[in-house]
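Whatever position you read off the sequence shown (first residue = 1), add 191 for our numbering. Presented below is the structure to which this report refers.
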Amino acid sequence: GISQLEAQLQELETKDKRLEQENLQASSNRKNQIEEVKRNIAQFEKQYDDNRQIKSPHAGCILELTASSGSVLNQGTRLGSIQVGDTSSQMVGVAYFPVGVGKKIKPGMKLQITPDMVHRERFGGIVGTVTSVSTFPVTKQGATSLVGNAEVVEGLMPQGKAMIEVRGQLQLDSSTPSGYEWSSSQGPSNLKISTGTTATTRVTVEEQAPITFVLPILREWSGLF
192 GISQLEAQLQ ELETKDKRLE QENLQASSNR KNQIEEVKRN IAQFEKQYDD NRQIKSPHAG
252 CILELTASSG SVLNQGTRLG SIQVGDTSSQ MVGVAYFPVG VGKKIKPGMK LQITPDMVHR
312 ERFGGIVGTV TSVSTFPVTK QGATSLVGNA EVVEGLMPQG KAMIEVRGQL QLDSSTPSGY
372 EWSSSQGPSN LKISTGTTAT TRVTVEEQAP ITFVLPILRE WSGLF
């Protein structure tokens with residue numbers, strides 16, 4: 192009868208609403224799947240661009256390239272080195288000393304830095320002042336992270352022994368060709384000091400008047416103690 196028809200109608204309406212809900216859920220799932228695919232595509236495109244082009248996170252001047260065009264590179268391969276920041280800013284000298292010597296060096300001591308291509312006997316060295324001394328010995332890996340070139344570090348730290356890192360401020364002098372003050376001359380006329388220049392560093396750890404070296408001999412000769 193009528194009651195049976197009403198029950199069937201209600202059942203159909205319930206089924207229709209359930210189907211509609213299922214369709215909405217399926218549509219939502221499809222949208223989520225599409226968005227997930229889009230995100231994956233965007234991620235792969237970014238990864239492709241990152242791998243296709245090598246970009247430095249810092250602006251600077253290229254000092255060295257160690258890879259040639261067409262080379263196949265693995266992730267983490269060193270490509271070269273750059274000087275970050277203002278290339279006209281004052282440079283800092285960094286030197287590595289054996290632990291026994293380095294522990295005697297203190298901030299404020301005088302130093303001389305002679306670039307390897309300069310004859311010290313003729314030009315002396317660039318005058319400077321020690322600004323910092325590492326509290327603990329620096330490992331080869333630590334030095335490489337600063338210098339950026341493992342081969343250069345090999346020369347700075349023979350046999351890979353831990354060393355004391357000393358940093359110094361170079362004294363500027365606008366009247367010299369290099370722009371720095373030299374200990375015994377104006378320095379070479381054609382020398383341009385740039386980041387990465389290797390040099391020999393000498394630090395004055397103690398100053399004594401000549402008489403202090405003579406007195407012990409006089410005491411020995413005279414028998415005075």
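Ideal Cβ placement from N, Cα and C applies to all residues, glycine included. Every value quoted in this text rests on a predicted model; they were computed, and no experiment measured them.
Check: Take the Cβ of glycine 359 as the centre, count every other Cβ of all protein chains shown within 10 Å, and call the residue buried at 16 or more, exposed below.; Outcome: buried
Check: Assign serine 325 to one of three DSSP states: helix, strand, or coil.; Outcome: coil
Check: I need the straight-line Cα distance from lysine 229 to threonine 335, nearest angstrom please.; Outcome: 41 Å
Check: Taking contact to mean at least 3 C-beta pairs separated by less than 8 Å, is the segment 316-329 in contact with the segment 291-303?; Outcome: yes
Check: Looking at the structure shown, is proline 298 part of a helix, part of a strand, or coil, going by DSSP?; Outcome: coil
Check: Within 10 angstroms of the Cβ of serine 365, are there 16 or more other Cβ atoms? Answer buried if so, exposed if not.; Outcome: exposed
Check: Have a look at arginine 209 and asparagine 231 and give me their C-alpha separation to the nearest angstrom.; Outcome: 33 Å
Check: Counting only the same chain and skipping the five closest in sequence on each side, list residues whose C-beta sits under 6 Å from that of arginine 393.; Outcome: Gln303
Check: So, helix, strand or coil for leucine 382, using DSSP?; Outcome: coil
Check: I'd like the list of long-range same chain contacts for arginine 311, defined as Cβ closer than 7 Å, with 5 residues on each side in sequence excluded.; Outcome: Thr305
Check: Take every Cβ of the segment 341-354, pair it with every Cβ of the segment 282-297, and state whether three or more of those distances are shorter than 8 Å.; Outcome: yes
Check: According to DSSP, simplified to helix, strand and coil, what is leucine 200?; Outcome: helix
Check: Kindly indicate which three-state DSSP category valine 263 falls into: helix, strand or coil?; Outcome: coil
Check: Would glutamate 372 pass as a contact of isoleucine 317 if the rule is Cβ separation under 8 Å?; Outcome: yes
Check: Can you tell me whether serine 260 is buried or exposed? The criterion is at least 16 other CB atoms within 10 Å of its CB, across all chains shown.; Outcome: exposed
Check: Taking the beta carbon of glycine 378 as the centre, do at least 16 other beta carbons fall within 10 Å, making it buried, or is it exposed?; Outcome: buried
Check: Smallest Cα separation from valine 344: which of Val285, Ser385, Leu363, Gln234?; Outcome: Val285
Check: Going by alpha carbons, who is nearest to threonine 330 out of Tyr287, Asp307, Leu196?; Outcome: Tyr287
Check: Pull up the distance between the alpha-carbon of isoleucine 383 and that of isoleucine 225, whole angstroms please.; Outcome: The sequence as given places lysine at residue 383; isoleucine does not occur at that position. The alpha-carbon atoms of lysine 383 and isoleucine 225 are separated by roughly 60 Å.
Check: Could you compute how far the alpha carbon of proline 289 sits from the alpha carbon of threonine 391?; Outcome: 14 Å
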